[in-house]
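Below: the structure, in structure tokens.
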Amino acid sequence: MIVWLALPFIQRAVLAGLILGALLAILGIFVVLRRMAFFSDGIAHASLAGVAVGVLADTNPLFTALGISTILAVIMAWLERKTKVASDAIVGLIFTGGMATGVILLALKSGYQPELVSFLFGNILSIQWSELWLMAVLAALIVAFLLLNYKRLALMVLNPEIAHLSGVPVTLYQTLLYVTVAASAVLGIKMLGVALLSALLIVPVSTAKLIAKSFRSLMLWSVIMSELTVIAGIALSIQLNLPTGAVIVICGLILFLVTLAGSKLFNR
Amino acid sequence: MDAVSVKNLKIRYGSHVVLNGLNFEIEKGNIAAVIGPNGSGKTTLFKALLGLIPYEGEIKIFQKSIKNALKRIAYVPQHFDFDRTLPITVDEFLSFASNGKSINAKEICREVSVDILAEKLIGDLSGGQLQRVLIAQALIKDPDLLFLDEPSAGIDIEGSKAFYDLIKHINKEHDVTILLISHEMSMVSDLADQILCLNRDLVCNGPPREVLTKKVLDKLYGPEMNIREHKHL
Chain R
2 MIVWLALPFI QRAVLAGLIL GALLAILGIF VVLRRMAFFS DGIAHASLAG
52 VAVGVLADTN PLFTALGIST ILAVIMAWLE RKTKVASDAI VGLIFTGGMA
102 TGVILLALKS GYQPELVSFL FGNILSIQWS ELWLMAVLAA LIVAFLLLNY
152 KRLALMVLNP EIAHLSGVPV TLYQTLLYVT VAASAVLGIK MLGVALLSAL
202 LIVPVSTAKL IAKSFRSLML WSVIMSELTV IAGIALSIQL NLPTGAVIVI
252 CGLILFLVTL AGSKLFNR
Chain P
25 MDAVSVKNLK IRYGSHVVLN GLNFEIEKGN IAAVIGPNGS GKTTLFKALL
75 GLIPYEGEIK IFQKSIKNAL KRIAYVPQHF DFDRTLPITV DEFLSFASNG
125 KSINAKEICR EVSVDILAEK LIGDLSGGQL QRVLIAQALI KDPDLLFLDE
175 PSAGIDIEGS KAFYDLIKHI NKEHDVTILL ISHEMSMVSD LADQILCLNR
225 DLVCNGPPRE VLTKKVLDKL YGPEMNIREH KHL
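Sequence lines, in order, name chains R and P. Each residue of the first sequence is one higher than the one before, counting from 2 in the working numbering. Each residue of the second sequence is one higher than the one before, counting from 25 in the working numbering.
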């Protein structure tokens, strides 16, 4: 791994992995707390429409996917508030609608579509400096927002009525949470692909829950577990010449199982 | 001075009228109880008074609009559903609710016997303990008006008696006006200064001895309804 680190594309991949690992681990706590794993999955799939727009417009699909998924997140928050349609049905509508639009748009362009494979399974080793910078800035903004507002967000997720009476602007925070999940999901697609993205949102938090004794320690352990998973996944995938996203997910699952076994033994 | 003043309050979901032209006042310092069968609009009334749903008519809290009175209101919900496996300590939960601004949090926790639970996870608490924590989060705001939605649901009879004693204490010692929803008729008749009977319309409004008549209860719950005294040890 140390030798590999001399290569710029590995440096970029490791940096991107560490940034996304921290971001998805912290955000994952709210995703688990609010039981919105299906939302993050849905918005990630729907962002194919944005990827397709980027491909057709001959611009970086990451940028267009970010724009479109943010708009879709705001629409979903609005529909949830203003209509009687159930939340999971709204996610289903956006999920399938976005994917279908993406498939149709991509069909308009002839030839092999490498973006489609990358969208499905990720390709962190192909990340560019411009994408890494965008990731770093967005992740810093989102993590700052989450850390500065985690008490308000947690209260809103636990009980919106109490949050409302405690002065939390619930509608605004709800929409901001959706937008941050959408933007982070799209950033995560670059690393893990849409098929595996939920793993980094859910698995590190689930592992951290096994040992954390408070909300603060849950945040800390989630980040530690996530970073361990990403580093181990990238190193092993290079060593074994296997797809990086999939190896990261398997590393996360192994870490979960080891922690589970350890916590059972320790608590005997 | 009225803590709550409601004029011609009407709430509908689509074409279905849930509350039909309610008019009532709750005097500052009183304990008022809202009773009525399931589906009579009690929780909807609370949501309107808390500014959570749209309504027709006029609601004033301490002679101000709800939005301008929010800082003086606290609320203890009936349901507090959350992922019980998530590690959130009682201390952390209370700091979420007060956002670290409360100056008397420790004192209030001692008063409602929550101080001994500070390091416990909220997912590990019993129904009665959780209810006390919810009361603490409400009192930390130092409110003038407290809403309690079926506060003793899920607590045994003895726990329920202790809980209502706590409500009396909050009302007298902290000078907090209290509006609560309850199904426990005998407790409510002992505790409340004012009863509001709700069944889409306001069926009764007044002191318990005057309004809790067989005629009113028949109208609310049907002729099979009886008030049964709780036996305390």
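All residues carry an ideal CB built from backbone N, CA and C; glycine is no exception.
In the structure shown, what three-state DSSP assignment does residue i receive?
i: Tyr-79(P); result: coil
i: Arg-224(P); result: coil
i: Ile-90(P); result: helix
i: Ile-140(P); result: helix
i: Val-28(P); result: strand
i: Leu-256(R); result: helix
i: Gln-12(R); result: helix
i: Gly-103(R); result: helix
i: Ile-164(P); result: coil
i: Asn-61(R); result: coil
i: Lys-84(P); result: strand
i: Thr-113(P); result: strand
i: Gly-152(P); result: helix
i: Lys-265(R); result: helix
i: Leu-175(R); result: The displayed chain sequence assigns Gln, not Leu, to residue 175(R). DSSP places Gln-175(R) in helix when its eight states are reduced to three.
i: Gly-65(P); result: coil
i: Leu-257(P); result: Confidence at Leu-257(P) is low in this model, with a pLDDT of 43, below 50, so the placement of that residue should be treated as unreliable; the coordinate-derived value is given next. Looking at Leu-257(P) - three-state DSSP - the assignment turns out to be coil, as it is neither helix nor strand.
i: Arg-36(P); result: strand
i: Gly-230(P); result: strand
i: Ile-219(P); result: strand
In the DSSP assignment, find the alpha helix (DSSP H) that holds residue i and state where it starts and stops.
i: Leu-169(P); result: Unbroken run through Leu-169(P) is the beta strand (DSSP E), 169-173; no alpha helix (DSSP H).
i: Tyr-245(P); result: 238-245
i: Ala-141(R); result: 130-159
i: Trp-222(R); result: 216-241
i: Phe-40(R); result: 38-47
i: Ala-129(P); result: 129-135
In the DSSP assignment, the beta strand (DSSP E) including residue i goes from what residue to what residue?
i: Phe-48(P); result: 40-51
i: Ile-202(P); result: 201-205
i: Val-86(R); result: Element bounds for Val-86(R): n/a, residue is neither H nor E.
i: Tyr-113(R); result: Counting along the chain, Tyr-113(R) falls outside any beta strand (DSSP E), and DSSP gives it neither H nor E.
i: Val-58(P); result: 55-59
i: Val-195(R); result: Segment: none, Val-195(R) is in no beta strand (DSSP E) and carries neither H nor E.
i: Ile-97(P); result: 97-100
Beta carbon of residue i, beta carbon of residue j: below 8 angstroms?
i: Asn-32(P); j: Gly-45(P); result: yes
i: Gln-153(P); j: Phe-187(P); result: no
i: Lys-210(R); j: Leu-110(P); result: yes
i: Asn-160(R); j: Phe-48(P); result: no
i: Ile-249(R); j: Ala-184(R); result: no
i: Ala-66(R); j: Leu-106(R); result: no
i: Glu-228(R); j: Leu-19(R); result: yes
i: Arg-233(P); j: Val-42(P); result: no
i: Ala-53(R); j: Gly-103(R); result: yes
i: Gln-218(P); j: Asn-92(P); result: no
i: Ala-98(P); j: Leu-166(R); result: yes
i: Ala-90(R); j: Ile-235(R); result: no
i: Asp-200(P); j: Asp-168(P); result: Before going further, note that residue 200(P) is Val rather than Asp in the sequence given. Closer than 8 angstroms, so yes.
i: Val-114(P); j: Ile-146(P); result: yes
Taking just the CA atoms, how far does residue j sit from residue i?
i: Leu-8(R); j: Gln-102(P); result: 59 angstroms
i: Gly-230(P); j: Lys-71(P); result: 22 angstroms
i: His-256(P); j: Lys-214(R); result: Legend: pLDDT at His-256(P) = 47, less than 50; position of this residue unreliable, value from coordinates given subsequently. Their Cα atoms are separated by approximately 38 angstroms.
i: Val-30(P); j: Ile-83(P); result: 5 angstroms
i: Gln-12(R); j: Leu-6(R); result: 6 angstroms
i: Gly-246(R); j: Leu-117(R); result: 15 angstroms
i: Lys-238(P); j: Ser-213(P); result: 14 angstroms
i: Val-86(R); j: Leu-76(P); result: 19 angstroms
i: Met-259(P); j: Asp-148(P); result: With chain P covering only 25 through 257, there is no way to say anything about residue 259(P).
i: Arg-108(P); j: Leu-63(R); result: 37 angstroms
i: Leu-156(R); j: Gly-29(R); result: 16 angstroms
i: Asp-26(P); j: Cys-221(P); result: 19 angstroms
i: Leu-241(P); j: Ala-162(P); result: 32 angstroms
Go ahead and label residue i buried or exposed: buried means 16 or more other beta carbons lie within 10 angstroms of its beta carbon, across all protein chains shown.
i: Asn-124(R); result: buried
i: Leu-21(R); result: buried
i: Ala-58(R); result: exposed
i: Gln-175(R); result: buried
i: Ser-150(P); result: exposed
i: Trp-130(R); result: exposed
i: Phe-267(R); result: exposed
i: Tyr-258(P); result: Nothing about residue 258(P) can be reported from this structure: the residues present for chain P run from 25 to 257 only.
i: Ala-121(P); result: buried
Within 7 angstroms: the Cβ of residue i and any heavy atom of the ligand MN?
i: Leu-142(R); result: This structure lacks the ligand MN, and indeed carries no ligand of any kind.
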